[in-house]
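For reference, the structure is listed below as structure tokens.
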Amino acid sequence: MRRLAPMLLAALAVLAAACEKKTQPAPSGEGGAQTAQQAQPAPGGETPAGSDVILLGQVGALTGGQATFGISTRNGIEMAIKEANAAGGVKGKKLAIRVYDNQSKPEEAAQAATRLITQDKVVLILGDVASSNSLAMAEKAQAAGVPMITPSSTNTTVTQKGDFIFRVCFIDPFQGYVMAKFARENLKLGKVAVLQDNKSAYSIDLSDVFTRKFTEMGGKVATTESYSQGDTDYRAQLTAIRKTQPEGIYVPGYYSEVGIIARQAREVGLKVPLMGGDGWDSEKLFELGGTAIQGSYFSNHYSPDNPDPRVQKFISEYKAAYGGVPDALAALGYDAARVAIEALKRAKDLSGPAVRDAIAQTKDFPGVAGTITLDDKRNAVKSAVVLKVGDGKTEYVTTVNP
Amino acid sequence: MSAAVQANQDSRAPLLQADGVSIQFGGLKALTDFSLTVRQGDLLGLIGPNGAGKSTAFNVLTGVYQPSQGEVRVAGQRVNGRKPHQINHLGLARTFQNIRLFRALTALDNVKVACRAQGALHPTGMGVSAKLSNALVNYRDWWRALMLTPHFQAEERELTRQAEHLLEVMGLSHRRDEEARNLPYGEQRRLEIARALGTRPRVLLLDEPAAGMNTREKADLMVLIRKLRDDFKLGVLVIEHDMKLVMGICEHITVLDHGETISRGAPAEVRGDRKVIEAYLGDSYLESHGGAA
Amino acid sequence: METPALPVPEARSAIPPALRGILPVLVALPVLALFQWVTNESPFAVYLLSVMGVNIILAVSLNIVNGMTGQFSIGHAGFMAVGAYISGVMSLNLKEVALSFLPVAASDQVLFTLALLVGGLAAAACGFLVGLPSLRLRGDYLAIVTLGFGEIIRVVVQNTDAFGRALGLSGIPQYSSPYMIYFWVFLTVLVARRIAGSSHGRSLWAIREDEVAAEAMGVDTTGYKVRSFVISSFFAGIAGGLFAHFVPIINPGSFTFVKSMEIVVMVVLGGLGSTTGAIVAAIFLTLLPEGLRSAFNLLGTESTLAQKVDQIRMPIYGLLLVVLMLSRPQGLFGTRELWDVLPRWIPRRRRGLS
Amino acid sequence: MAQLLQHLINGLASGTIYALVALGYTMVYGVLKLINFAHGDVMMVGVYMGYATAFALGREVRGSLLGVALIFAVAMLGCALLGFLIERFAYRPLREKPRLTALITAIGISFALSYGFQLDIGFLPGASPRAFPEVIEPKEWIIIGDRDVVVWNWQIISFLIAVGLMVALQYLVFRTRFGRAMRAVSWDHRVAALMGIPTDRVIALTFMLSSALAAGAGLLYAIKDTSVSPLMGLYVGLKAFVAAVIGGIGHVPGAVVGALVLGLVEEFVVGYAASTWRDAVAFGFLILVLLVKPGGLFGRVAAEKV
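Protein chains in written order, with my numbering: chain A, 5 to 406; chain B, 316 to 608; chain C, 9 to 362; chain D, 11 to 316.
In structure tokens form, the structure reads like this:
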């Protein structure tokens, strides 16, 4: 028995340490939406940095293979906040953002989100790109009654987590449909192959929808091959694909792999165009893909070619601040932050439910990545663009409406 | 022969038997046609020059190596192919030439490991029902240990008592709570014997128990070994390098050279055997000493 | 270093023998209730404590194999994954089910416990399978087999629709509470300590010290090795189940080789074979990244550096490991336990001849 | 049939590169009995050194033979230095300590390097992969049928470089004084020290050698797959380690055979089954090999002397 006493003591010590920073009661655990709505006495308002600052939180992958997504999003959000502060802030207060890395792991995302909510007492959370991580965050945000806007998680289930969860982008089924339609109607392809990333739910979703829609439209998917994120040698899959002699290859993966895939596709003798989704959108794609990726198409949230002055202003300011053309994630981050800021302005106070209601009322909001109207499922109803990869830049091809 | 052994004369069934055992490593014949019988009360010696195959013989007997040919029987059971711990459960315990204590464990725990391992298990079981009953006993044991049942506590006390007794016998009581690695060399050797006794063996195999000891310590040890044999009613087989010593205490000696048994018999007979002297001491010894000593 | 490596059971005690077995549990239950009540109000504390608890279970259970038995397993995350996925799937399917004779909350906890046990047993079965090769393999070869097993589990999960493939399982009910988690932490520690203090534990230590000698002394080394794998993976499975029910999303990315290494690091850092060492190391390494986060937050929310610093945590973590191992190669406590290294003013257990 | 041949060629091409990395694991394991988990990350650092050099040289020079030689030289020397530093400061102080401690520092170094290189601060490259410049301009050297089988110049060149490095290593280990010293240290470094062999220097040199080999291998890998990323060390390193174990860790030719076998197995899994099962099959194959031959294909489980 005495053997156990120190252990219990240690446990108690830890507990005591953990409890020092006790916070206002925030409902936790099961119950989720219902409990969250009743309570929540304005978690915002008082932030650790003082009452003249409204703190927002972002959780994103700042390390790992898709780090540019997290970093682009962060840049976009940062820009929006700077603009808002320059314009006098919200309700007479300055805005600030706190960013945490989730290492692309759901448990880290949940931990970071919980920390933002409880310790940093943010009024609202932005993020993440990868849907598994957004799902983990959504659970926590919903339970705590803190609104969350994901700039670019396209998996349908994310916003189904509850009424505090929003997104400012379209969803996977739509994107898969866009490319299927484009391939069938614009490119007039009859037989294509699919190469999907089995480590990414996003890629599998897109590939499934694309296959279904493309077949419905009378096309034929000759073969579906797969790879895993982080691979660097795709020759075996591409050799197998070459055998089926497709007219195009749908590769709904991330730019980090797609660029290399394009090079190796040309190497094994596949000269047909590649097609993909918004995961392609990064400056790095041009470097990784070189000439091999030119002439390929991908669906995206926005086009830098859009002559709209609002978009061009965003692009030039972004270039000035961070160098390089902003990708869709920067644009979506920017939009998400601006939607959030607008909602904060409109909200009657900074409590979770008030902000939630304000966000839910977003209608015809002029974002750089399309006009945003949130439907009753808290998803943005938006059109998608199809871009063609050129020499170091993308070219606008067409817009596909829902 | 001592009185104790004579009293047991009629109950002297063989406890350990090796019958024509050979073992090969690759092309090397480490042991050829090795035969030996140990009965209760025996104190046998196994000698030979370095590399003669003495330790190999021990390893075959205890199941570390499998014999290529021949048969080993312990307590009447054929043990070829059995694992060392199963053979140990049949009543065979050993020490090692290069001391192999559980170095980070206390002296007491070293002995308790051995005391326990004998345990309540079905000692000779190989069949399905024996395996099943062993498994059941095992689970019950774990459960008792986890629940700290009164039975477990009593058993633990009993184990401690046994181990303490063995330490006392070997004169190690004062080292009870010291880690084995911190013991002086001679005491480590004795602790190994205490540990071997913990498994309640019927035959004890000692691999160079006196190595590294001075003459006086060796003499004491030999007395102790005799005493152990009598008190614990053991058969003892000793490997020893020091001829003089072996000759002094063993009643029967087997001499190995290059894996082959070159001589066996009472000390006096072996001592006179020319082949032994040649093998053991080399021709030069013979020349300088002018024949058998 | 005259401290014995193994605890000697106390000779005398005021507690009647019949009670000793169950008493720690009886004491723990109200303490945990208090614990639950105190932490209930801070979700972040709850989350962090939950992660910590799971890490403690993982480290303490791995210590049974790596520390006590001296085998080298680096696939612990694989067992955790088995437990997490099996219990996760079960809970998802039983989400709508309630036991009619119990209140809903109680029924949920009963079903949760059931799911945990099933997950733990599945992991234990895998542990048995992985333990079997240990009949033939030693040291580094066994290590790579455990690593390979972990990776195979990950790939299987990633390719199985029932496990949600790459997206993983989401929407697992959040049944894990600090009470439940720390009850299991407590059980794990209790089991580990009681094994260490029993003849089974001594057999495991004997195997770690010298396998040949242990075998010669009648210890069924293969049997004990397999059993230590089974027990260790059972608790890893439980840890996985608990983990799945508070995150509450699991995907294959959470159970990689890197996670396994993190657990090994906890065990080695704490001192191989030291249960309390494993606990302290698990607590330390769970809090360290958050601590770094807090430290960086002090730099202010506006600076670009503060936004970038979250990325610096992991390299710093790596370097800290190097520094820690260089300064304390035997781990924090070596094979000793916390109370053996505490300063004199804390009364120690009596030992020696008494 | 043609496809089989193509897969065979591809498998051998990646196998030779695995082999060079696996050799590093095996050599270090040989002298120190340490699984150097940071080995793959050292390789990754070497590739970035080559990357930087290639850019410093500019497009003109890096295509030439001299340019390629310079890139390799810088990366290999740089990595030798890195290997030396790691050994000196992270492993040597722990030499007489339990083996696991050095393993943990190896993991620590691995984390520090692979996460450190993901930062975009200062000279560090940032997390996303970069395209590796085409230092060897890809040319198709052998074409059979209607591009049924294609052998690329870089495949042959890297095969030759890899084989050259292996032969040199074999010579070094079995024909030179240093090699003898290395083998002596591998046998028992304490005894070797008593025999007057400067064990510290031998071990340091072994580390430098294995790190340089890793850098060479990494460059070949980057040329093959045209990319470099901070995480490449983790993936390639793990595979090479598996290869070394398949061949019997500590056994030099074994590592090469193990790597070639692993390269082929992986290629065939990807080519004829599904790539997502590749890692599972690779590890399954490893476990199978170990169950049949517990010491790997060539290694012998040293029968413990009792």
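Glycine included, C-beta positions come from ideal geometry on N, C-alpha and C.
Residue range of the unbroken alpha helix (DSSP H) whose run includes residue i
i: B/N453; result: V443 to M462
i: C/L102; result: H84 to L102
i: D/F121; result: R109 to G126
i: A/M183; result: D176 to K185
i: A/R342; result: A332 to R350
i: C/I152; result: G147 to Q166
i: C/T196; result: P186 to A204
i: A/T77; result: A71 to A90
Proximal residues to residue i (C-beta, below 6 Å), its chain only, five neighbours per side dropped
i: B/D572; result: G363, A367 and A594
i: D/G77; result: L67 and V71
i: A/V389; result: N304, S307 and T403
i: D/M218; result: A90, G93 and F94
i: C/P256; result: I180 and Q182
i: C/A222; result: A214, I215 and T229
i: D/A29; result: V266 and A269
i: B/G527; result: Y500
Own chain residues within Cβ distance below 7 Å of residue i, not counting five before or after
i: D/P139; result: S237, V238 and S239
i: B/H437; result: Only weak support is given to the placement of B/H437: the predicted model assigns it a pLDDT of 49, under 50, and the value that follows is read from those uncertain coordinates. Excluding residues within five positions, the ones whose Cβ falls inside 7 Å are A445, S448 and N449.
i: A/G394; result: Q298
i: C/A106; result: V112 and S115
In DSSP terms, what residue i is bridged to
i: A/F170; result: A/I153
i: A/G61; result: A/R102 and A/I129
i: D/R140; result: D/V238
i: A/G280; result: A/F302
i: B/E386; result: B/D334
i: D/Y35; result: According to DSSP, D/Y35 bridges with nothing at all.
i: D/V57; result: D/V57 pairs with nothing; no bridge assigned.
Terminal residues of the beta strand (DSSP E) in which residue i lies
i: A/K224; result: K224 to Y231
i: B/E575; result: E575 to G580
i: B/H567; result: H567 to D572
i: D/I152; result: E150 to I154
i: A/N303; result: Per the sequence shown, residue 303 of chain A should be read as Ser rather than Asn. Note, A/S303: beta strand (DSSP E), Y301 to N304.
i: A/G371; result: F369 to G371
i: A/D201; result: K195 to D201
i: A/T402; result: T398 to V404
Own chain residues within Cβ distance below 8 Å of residue i, not counting five before or after
i: A/A71; result: A65
i: C/G249; result: G91, A92, I94, S95, G96, A123, L124, G127 and G128
i: B/L359; result: L351, V353, G550, V551, L552, V553, C565, E566, H567, I568 and T569
i: C/S99; result: L119, F120, A123, I180, P181, Y183, A252 and H253
- Query: In chain order, what residues of the region 186-211 of chain A put their CB closer than 9 Å to some CB of chain C?
  - Reply: Against chain C - using a Cβ distance shorter than 9 Å - the residues of the region 186-211 of chain A are D201, N202, K203, S204, A205, Y206, S207, I208 and D209.
- Task: Please go through the region 255-327 of chain C and give each complete alpha helix (DSSP H) segment of 4 or more residues, from N-terminal end onward.
- Result: Within the region 255-327 of chain C, the complete alpha helix (DSSP H) runs of at least 4 residues are 265-278 and 283-305.
- Message: At 4 residues or longer, what runs of the alpha helix (DSSP H) sit wholly inside the region 485-535 of chain B?
- Response: Counting whole runs of 4 or more residues, the region 485-535 of chain B contains the alpha helix (DSSP H) stretches 500-513.
- Return the residues of the region 28-47 of chain C that lie within a Cβ-Cβ distance of less than 7 Å from chain B, sorted by chain order. Here the close residues are R28 and G29.
- Message: Please give me, in chain order, every unbroken run of the alpha helix (DSSP H) with length at least 4 that falls completely inside the region 320-380 of chain B.
- Response: Secondary structure remark: continuous alpha helix (DSSP H) runs of at least 4 residues inside the region 320-380 of chain B, in chain order: 369-377.
- Item | Residues in the region 237-248 of chain A having any Cβ partner in chain E nearer than 9 Å | The structure shown contains no chain E; the protein chains it does contain are A, B, C and D.
- Please list the segments of the alpha helix (DSSP H) lying wholly inside the region 158-210 of chain D, counting only runs of 4 or more residues, in order along the chain. The qualifying runs are 163-185, 187-197 and 199-204.
- Query: Looking at chain D, which residues of the region 251-273 of chain A have a Cβ within less than 9 Å of any of its Cβ atoms?
  - Reply: Result list: Y259, S260, E261, G263, I264, R267, Q268, E271, V272 and G273.
- Cβ-based contacts, 9 Å cut-off: residues of the region 129-141 of chain D near chain A: Taking a C-beta cut-off of 9 Å against chain A, the contacting residues of the region 129-141 of chain D are L129, D130, G136, A137, S138, P139, R140 and A141, listed in chain order.
- Going along the chain, which residues of the region 275-286 of chain C sit with their C-beta nearer than 7 Å to a C-beta in chain B? Close to chain B, meaning a Cβ-Cβ distance shorter than 7 Å, is no residue of the region 275-286 of chain C at all.
- Which parts of the region 254-285 of chain D are runs of the alpha helix (DSSP H), unbroken and 4 residues or longer, counting only runs that do not cross its ends? As summarised for the region 254-285 of chain D, the continuous alpha helix (DSSP H) elements at least 4 residues long and confined to that stretch are 262-282, given in chain order.
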